[in-house]
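Quick notes on the structure that follows.
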Amino acid sequence: MEVAGAAGGSDVTTPRPSEGDIKTHFKVCRFIIEAGVKLGMNSVPIATACTVYHRFYQSASLQVYEPHLVAMSAIYLAGKVEEQHLRTRDIINVCHRYLNPQSEPLELDSRFWDLRDSVVQCELLILRVLNFQVSFQHPHKYLLHYLVSLQNLLNRHAWRRTPIAKTAWALLRDSYHGSLCLRHPPQHIAVAVLYLAVESYGVEVPGDSGAGKLWWQVFSDDLTKPIIDSIISELLQLYDLEAKCI
Amino acid sequence: MDRDLLRQSLTYHGHSLFSLLKCEQFENPDFKLIVANLTKTLHPRKEKSYENASVEQFIARKADLLFAPIWTSSSAANNYINEETEDLYAIMPPVEQFMDVPFDERRDLFYRDIERGDVVIGRVNSIRDFGLFITLVCLGGGLPRNIEDLEITALCPVRDVPSHGNHDNPLSYYQVGDLIRAGVKDMDRYHGKLTVSLYSSSLSPQLSNLKLGIISSDEMPVHYRHSVSTACSSHTFDSVLQHTLGFANPATVEFLLGKLEIGETEPPSLMRGLQSKNFLEADYGTSIRKRQSASWALKCVKIGVDHFKSGCHVEAMNEYNKALEIDDNNVEALVARGALYATKGSLTKAIDDFELALESCPTHRNARKYLCQTLVERGGQLEEEEKLVTAEHLYRKALTLDDTFQEADEALKKLQQHIQVRPWSIQHSYHSIEKGQFFSCKNIEKIVCTKGF
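In structure tokens, the structure reads:
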């Protein structure tokens, strides 16, 4: 059951989230990503967890469903979906310590097991809200292939001294603080992120002279410069949001 | 901060970025070091077609992360496309092909980027007595470019053609139209002249196992075959990508991350709060789990010790084993179990447990104490079985652990006196041990007496 990121008019039916909600979602996604790193999760499962989270709150309310519990269940679910299974015990341990820094590890008592039960039950709830469609096409695979193709286009020394790949990957990972993944197809996000990386280092890519197509047009033919600009601008706003939230 | 990288970016973006940088990074000591140099050498290349203030603001703010020296790749980039990796990811035709890069530009790019040691594949178009001329079809070994229609020719001088068997003239082995794989030996970028060689010594190290010489069309690189098949059709890059088998491989992300040298542990980020080098080790899942298991195991050990004190040895053993299942090599559990084994008389098992405990925690007082006592006791057992050498070994071991241990000292002295009485047999048993055999002392004595030494 594959679901592409943009589902046409999905934005029309749900109301725009309030500013406070946006900040909460940012903080909880930060929670997911950071917990993911501490659990040793790879980039793609973390992306799945964030996407599940964002999708859930498209139709659910923050007042009714506690976001940190949803986040923990999203992590657990994502681990299963992307074949990087995580134990609930580790998820609960890491998340507890994130929310209560420097605390002692939890006792494995009945309170712990109750918490574990909540995570598992929330997982089922998430699945039902998402209609069991939890397999996503992520930008990561596209980005990696675009990077290889771009590498072949550039001079090898220029490539070696410019960390385009790492920067693009970092930008992509960071984009999951917001719900970009729901509103744009994976190819567009991959290209936009790569475009920003290339732009940041001032790299001259062949083909800019005007004849023929531009490199990013080749990667995704229905992509236009305004779309790239809009994705980049959303991404940059996330970085501004960090200063306000954390 | 990497000065050259920063200069490249500033040249592209111009003075607007420079002023933003000075504003955002003025407190950064690394930036202060190079700002003077940059001011002097900065020449913005051209008028920018458009200004993007928010991107420049972003670059300025994150400059310390973007231009940090640790981010640049340190190892030699190995871009060799191994044919065996064909299905691990989608090997695409050169992007140039989809971009319709004009003839001249492609030609210039080719001459800019070709280097000595690269592999080229071409067709022989004429054979002279001083060498072969080949027209390049594509590049092998990892640089996919669309060069077939550029009609670039290269010369392979006769001295770079290895001879084949009993052909007097190595060139006579070749015919016009043969597909040849060769290594670039020399080039003149300015005049557009290439010299190639068929000797593997001309290849760069990572490509040196490629076979040079005549190849068949099956051996053409994947990207070339792919580009030929897509050239006729008007498929887009995206549709070609999606239809290539390698793209659907679940291992492709992992493989390409390795190829592009991006790590998944300590993943990169441009968010201030996600710099993983600042994360505490103690916050990681494995670390918390270990501490949690240790504390849980300790509880079981306490219960076990209570059982032990009230004489329920079986229950105690169960608790200790449970503790070791929860947290294997838990020091307290091992020491407690060792003590239980010793009490029950299984001295060797006790010794094993104590030694294991001391490996993880060499300063554990009880482990050390109990081990000494058990070693001496075991030594005593061995003496009775006449295994004197092993006994001595154990006493010495006890003394190395704790040289104030009276009992070990006394036992050792007593044993040594015992040994003095029968020097022959002990010396023989030492020799036998050296040879890898072990005789008990009594047997040695028998042999000694019967042989009439």
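If you're matching them up, the sequences are chains A and B in order. Residue 18 is where the first sequence starts when you use my numbering, and the numbers rise one by one after that. Residue 1046 is where the second sequence starts when you use my numbering, and the numbers rise one by one after that. Even glycine gets a Cβ: it sits at the ideal position worked out from N, Cα and C. Keep in mind it's a predicted model, so treat the numbers as computed, not measured.
Item, Value
"Can you pull the chain A residues whose beta carbon is under 9 Å from the beta carbon of S1171(B), in chain order?", "Here the premise fails: no neighbours, minimum Cβ distance about 30 Å."
"Can you pull the chain B neighbours of H205(A), defined as C-beta to C-beta under 7 Å?", "Here the premise fails: no neighbours, minimum Cβ distance about 11 Å."
"Between G57(A) and chain B, is the shortest Cβ-Cβ distance under 9 Å, so that the two count as touching?", "yes"
"Counting along the chain, where does the beta strand (DSSP E) carrying T1198(B) start and finish?", "T1198 to P1202"
"What are the boundary residues of the beta strand (DSSP E) that includes V1221(B)?", "Segment: none, V1221(B) is in no beta strand (DSSP E) and carries neither H nor E."
"Which bits of chain B does E216(A) rub up against, with CB to CB less than 7 Å?", "V1100"
"Looking at C-alpha atoms only, which residue of A1387(B), R1336(B) and V1298(B) is the closest neighbour of E99(A)?", "V1298(B)"
"Nearest CA to the CA of R1226(B): which residue from P1202(B), C1183(B) and G1237(B)?", "C1183(B)"
"Contact check, A1098(B) vs L1066(B) under 8 Å by CB: the rounded distance?", "13 Å between Cβ atoms; not a contact."
"In terms of residue numbering, what span does the alpha helix (DSSP H) encompassing N1082(B) cover?", "P1074 to T1086"
"Would you kindly report the start and end of the unbroken beta strand (DSSP E) that includes K1512(B)?", "Residue 1512(B) is absent from the structure shown; chain B starts at 1046 and stops at 1498."
"Label K55(A) either buried or exposed according to how many other C-beta atoms from any shown protein chain fall within 10 Å of its C-beta, with 16 as the threshold for buried.", "buried"
"Around the Cβ of W1341(B), are there at least 16 other Cβ atoms within 10 angstroms (buried) or fewer (exposed)?", "buried"
"What whole-angstrom Cβ distance do E1101(B) and L1062(B) have, given they're in contact under 8 Å?", "5 Å"
"Could you check where the alpha helix (DSSP H) with S1245(B) kicks off and where it finishes?", "No alpha helix (DSSP H) contains S1245(B), which DSSP labels as neither H nor E."
"According to DSSP, is N1170(B) part of a helix, a strand, or is it coil?", "strand"
"Counting only beta-carbon atoms, is G1318(B) nearer than 9 Å to chain A?", "yes"
"Which of the three DSSP states, helix, strand or coil, is assigned to C1406(B)?", "coil"
"Sorted by chain position, which residues of the same chain lie with C-beta nearer than 6 Å to P1444(B)'s C-beta, five sequence neighbours on each side aside?", "The amino acid occupying residue 1444(B) in the given sequence is Leu; Pro does not appear at that position. Contacts found: A1453."
"With distances taken between CB atoms, is the gap from L1446(B) to L1427(B) smaller than 9 Å?", "no"
"Do you know whose CA, among P1407(B), I1348(B), P1138(B) and G1424(B), lies nearest A1368(B)'s CA?", "I1348(B)"
"For L1184(B), report the span of its beta strand (DSSP E) as first-last.", "G1176 to G1185"
"Measure from the alpha carbon of N1214(B) to the alpha carbon of each residue in F1450(B), E1429(B), V1203(B) and L1239(B), then state which is nearest.", "V1203(B)"
"Are any of the Cβ atoms in chain A nearer than 9 Å to that of L1065(B)?", "no"
"Mark N169(A) as exposed unless 16 or more other C-beta atoms lie within 10 angstroms of its C-beta, in which case mark it buried.", "buried"
"With distance defined between alpha-carbon atoms, name the residue in L94(A), W176(A), P180(A) and E83(A) nearest to L147(A).", "L94(A)"
"If you measure beta-carbon to beta-carbon, which residues of the stretch 1136-1147 of chain B are closer than 8 Å to chain A?", "M1137, P1139, V1140, E1141, F1143, M1144, D1145, V1146 and P1147"
"Considering L170(A), what are the terminal residues of the alpha helix (DSSP H) in which it resides?", "P156 to L170"
"Using a Cβ cut-off of 7 Å, which residues of the stretch 1437-1463 of chain B contact any Cβ in chain A, in chain order?", "none"
"Run down chain B in chain order and give the residues with a C-beta less than 7 Å from the C-beta of N172(A).", "R1157 and D1158"
"Might you give, ordered along the chain, the residues of its own chain that have their beta carbon closer than 6 Å to the beta carbon of P34(A), omitting 5 neighbours on each side?", "none"
"In the DSSP assignment, find the alpha helix (DSSP H) that holds C1068(B) and state where it starts and stops.", "H1060 to E1069"
"How many whole angstroms separate the CB atoms of Y74(A) and I49(A), which I take to be in contact at a CB cut-off of 8 Å?", "Actually they are not in contact, since the Cβ atoms of Y74(A) and I49(A) sit about 12 Å apart, beyond 8 Å."
"Going by DSSP, what residues sit across from G1228(B) in a beta bridge?", "V1164(B) and S1242(B)"
"Can you say whether S1120(B) is buried or exposed, counting buried as having 16 or more other CB atoms within 10 angstroms of its CB?", "Low confidence applies here, because S1120(B) scores a pLDDT of 49, under 50, leaving its location unreliable; read the following figure in that light. Exposed."
"Pull up the DSSP beta-bridge partners for D1233(B), would you.", "K1238(B)"
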